[in-house]
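This report concerns only the one structure given below.
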Ligand SMILES: *Cc1c(COP(=O)(O)O)cnc(C)c1O
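In our numbering, the protein residues as written are 8 to 387.
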């Protein structure tokens, strides 16, 4: 059987040929005027993705590097910070903050739950000395999206800095950094950007940057003052060929239009959820988003076996759960460079694999449900 590789994982995601070819261009020196001009143009364009007029810095790291950057530049050791922990990536905020001696006030929720503005408000009232809040816009381990717009209303006109991990959420979920008043937004190239892994981003407004200047934390590689000082150049050797690719990606995203990018993810999310429901399966998250759909694996079907079968036999890569949900859930991503037909292929492979593992679902039932949503959204 011929297998085509289909990546329905919440990072890495597929990269279009036009972008891959940009990466194949000759590597030039990163300090040449030619390259610095390209970097400057690229970072200007990148602001559009964040819907901000404030600086966006590009880091040569995976997304976690941007999380660490936010922590080390915004909170001093011993200082209080409120951190929402409702999954693997919320837990990562906590781990990084603890590694730097931050006094962590944790809003700890069971996986699959979404923090509410009320919970944030309560934590702020109880901890008036906490001046930074760390959230996860789309918690990729659970498929949950939070009500960031209303959370931002709580901090907007205060001296509290709101940071969000939008590593996976950016581009898949609407995010208007300046309009909503989110102070710091971080992301990573291998998610909604249609790029390979290797770059991380941090967008930071003036209110948050004022804290960076005052922060006395130890830092070096990720010291944002160095990034600001050398701007538009990068303080270190940046990933030249990935910048070529980023330039192309942001141009493509701008041409599509950010609203259309959000709408594309919303449509695929809706189609996937319709398929899941039609197959009689249930969502893991109480507030499923448009980055991915996390599904409770049916009884007797360990999700790591299901995802392995889909990958090895059909060439379709979805994700199993992350510890401790490894075999409890599977996660179908609808993130990044995907067509409606990729979604259909993924659901078909899921239907086949479930039946093959002994969980009987009616073949085509999920596909039809997804197609109906896609047809309504696409065929006007
Ligand atoms: C992918 C991801 C990250 C970063 O992971 P890296 O492996 O360091 O790129 C952080 N937060 C969320 C929500 C993610 O989905």
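C-beta: ideal position from N, C-alpha, C; glycine also.
Secondary structure of residue i, DSSP reduced to three states
{"i": "residue 144", "result": "coil"}
{"i": "residue 342", "result": "coil"}
{"i": "residue 152", "result": "strand"}
{"i": "residue 88", "result": "strand"}
{"i": "residue 74", "result": "helix"}
{"i": "residue 177", "result": "strand"}
{"i": "residue 83", "result": "coil"}
{"i": "residue 119", "result": "coil"}
{"i": "residue 134", "result": "coil"}
{"i": "residue 271", "result": "helix"}
{"i": "residue 31", "result": "coil"}
{"i": "residue 8", "result": "coil"}
{"i": "residue 126", "result": "helix"}
{"i": "residue 364", "result": "coil"}
Among the options, the one whose alpha carbon lies nearest that of residue i
{"i": "residue 168", "options": "78, 174, 94 and 101", "result": "78"}
{"i": "residue 59", "options": "96, 217, 193 and 385", "result": "193"}
{"i": "residue 117", "options": "107, 127, 42 and 151", "result": "151"}
{"i": "residue 15", "options": "371, 76, 364 and 355", "result": "355"}
{"i": "residue 34", "options": "221, 244 and 115", "result": "244"}
{"i": "residue 52", "options": "359, 112 and 251", "result": "251"}
{"i": "residue 103", "options": "122, 345, 82 and 287", "result": "82"}
{"i": "residue 50", "options": "112, 375, 206 and 278", "result": "206"}
{"i": "residue 278", "options": "299, 294 and 319", "result": "299"}
{"i": "residue 107", "options": "344, 380, 223 and 21", "result": "223"}
{"i": "residue 238", "options": "64, 21, 259 and 345", "result": "64"}
{"i": "residue 199", "options": "257, 247, 342 and 99", "result": "342"}
{"i": "residue 195", "options": "17, 208 and 353", "result": "208"}
{"i": "residue 378", "options": "368, 360, 365 and 353", "result": "353"}
{"i": "residue 321", "options": "310, 288, 85 and 358", "result": "358"}
{"i": "residue 363", "options": "333, 157, 317 and 32", "result": "317"}
Those residues which DSSP pairs with residue i across a bridge
{"i": "residue 331", "result": "Looking at the DSSP assignment, residue 331 forms no beta bridge with any residue, so it has no partner."}
{"i": "residue 14", "result": "324"}
{"i": "residue 113", "result": "90"}
{"i": "residue 168", "result": "139"}
{"i": "residue 64", "result": "209"}
Near ligand 1, which residues have their beta-carbon less than 5 Å from any of its heavy atoms, given in chain order?
Screening all residues for a C-beta within a distance smaller than 5 Å of any heavy atom in ligand 1 leaves 18, 69, 70, 71, 96, 147, 172, 174, 175 and 195, in chain order.
Which ranges would you report for the beta strand (DSSP E) in the stretch 274-339 if only whole runs of at least 3 residues count?
299-303, all fully within the stretch 274-339.
Note down, one range per segment and in chain order, each beta strand (DSSP E) of at least 3 residues found wholly within the stretch 180-252.
Along the length of the stretch 180-252, whole beta strand (DSSP E) runs at least 3 residues long occupy 191-195 and 207-211, reported in chain order.
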